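Numbering (the numbering used here), first residue to last: 1 to 119. In this text, a Cβ means the ideal position worked out from N, Cα and C, and glycines have one as well. Since we're looking at a predicted model, the values are computed, not measured. Shown next, in structure tokens, is the structure this report addresses.
Structure, rendered in structure tokens:
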């Protein structure tokens with residue numbers, strides 16, 4: 001499960017990076033929160049924002065109602081601690097190889113349905 005969470009978050013970071021690049025290329029005002037995702041610190045900031053603004057407010061009341069879900073909240077809190085530290089280069093959730101101004105490869109529908117993940 002831990003590895004799956006990192007893979008999921010890496011896919012999201014790649015998608016946001018590509019969205020930012022393509023919005024710039026097409027003259028659309030890009031979402032500034034997606035800027036500079038080639039930098040690990042920007043990736044960590046985005047991850048931390050998601051955890052504190054979305055994940056914790058959603059899961060905290062769910063855990064209060066369904067205590068058996070407490071492990072999910074613990075993992076979210078641990079994820080937040082991972083990106084709050086100074087060891088971001090060792091962070092397993094970072095995405096290597098994003099290049100400013102260059103979108104990651106967008107998969108065609110056939111690859112998506114087959115589960116093929118290429119950059």
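Taken atom to atom, the span from the alpha-carbon of residue 59 to that of residue 102 is near 35 Å. Three or more Cβ pairs drawn from the segment 85-99 and the segment 39-47 lie within less than 8 Å of each other, which places the two stretches in contact.
In the structure shown, residue 83 adopts helical secondary structure according to DSSP, grouped into three states. Secondary structure remark: continuous alpha helix (DSSP H) runs of at least 4 residues inside the segment 27-85, in chain order: 40-50, 56-65, 70-84. Here the segment 71-81 makes contact with the segment 49-57; the two share three or more CB pairs at distances below 8 Å. Secondary structure at residue 95: coil, using DSSP grouped into helix, strand and coil. The beta carbons of residue 34 and residue 47 sit no closer together than 9 Å.
With a 10 Å radius around the Cβ and a threshold of 16 neighbouring Cβ atoms, residue 9 comes out buried. Per the coordinates, the alpha-carbon of residue 15 lies some 12 Å from the alpha-carbon of residue 7. Assignment of beta-bridge partners to residue 104 by DSSP yields no partner.
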